[in-house]
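Just add 799 to the spot in the sequence shown (first one is 1) and you have my numbering.
The C-beta atom is built at its ideal place from N, Cα and C for all residues, glycine as well.
Source: prediction; values computed, not measured.
Just below is one structure, and these are the notes that go with it.
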Amino acid sequence: LKQGPYGGKPVVRRVLVVTPGSLVQNWKAEFTKWLGRERISVFTVDQEHRVEQFVSSPLHNVLVISYEMLL
Numbered sequence: 800l801k802q803g804p805y806g807g808k809p810v811v812r813r814v815l816v817v818t819p820g821s822l823v824q825n826w827k828a829e830f831t832k833w834l835g836r837e838r839i840s841v842f843t844v845d846q847e848h849r850v851e852q853f854v855s856s857p858l859h860n861v862l863v864i865s866y867e868m869l870l
């Protein structure tokens with residue numbers, strides 16, 4: 800996400816991952832495991848955290864949301 804194959808510029812700025820509700824936290828954990836907290840910020844949507852918060856914040860690169868919350 801942070802560096803592209805052409806001159807190091809990012810190919811993708813933000814990512815949307817839509818997954819079953821039972822796997823939302825797993826996706827967040829995998830991003831953290833492989834990329835670390837300092838390299839990428841993952842935002843998960845739940846009852847307390849809404850999509851609008853992700854959209855208005857430039858800090859997060861990845862949005863992980865369940866099918867149910869997307870509808």
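Around the beta carbon of S855, fewer than 16 other beta carbons lie within 10 angstroms, which makes this residue exposed.
Taking 9 Å as the cut-off, the Cβ atoms of P819 and S865 count as close. V817 sits exposed, since fewer than 16 C-beta atoms from the chains shown fall within 10 Å of its C-beta. DSSP, reduced to helix, strand and coil, places L870 outside both helices and strands of the structure shown, so it counts as coil.
Contact check for R813 against H859 passes: the beta carbons are separated by less than 9 Å. Beyond the five residues adjoining it in sequence on each side, T843 comes within less than 6 Å, by CB distance, of V823, K827, V863 in the same chain, given in chain order. A Cβ-Cβ contact shorter than 9 Å links V841 with V861.
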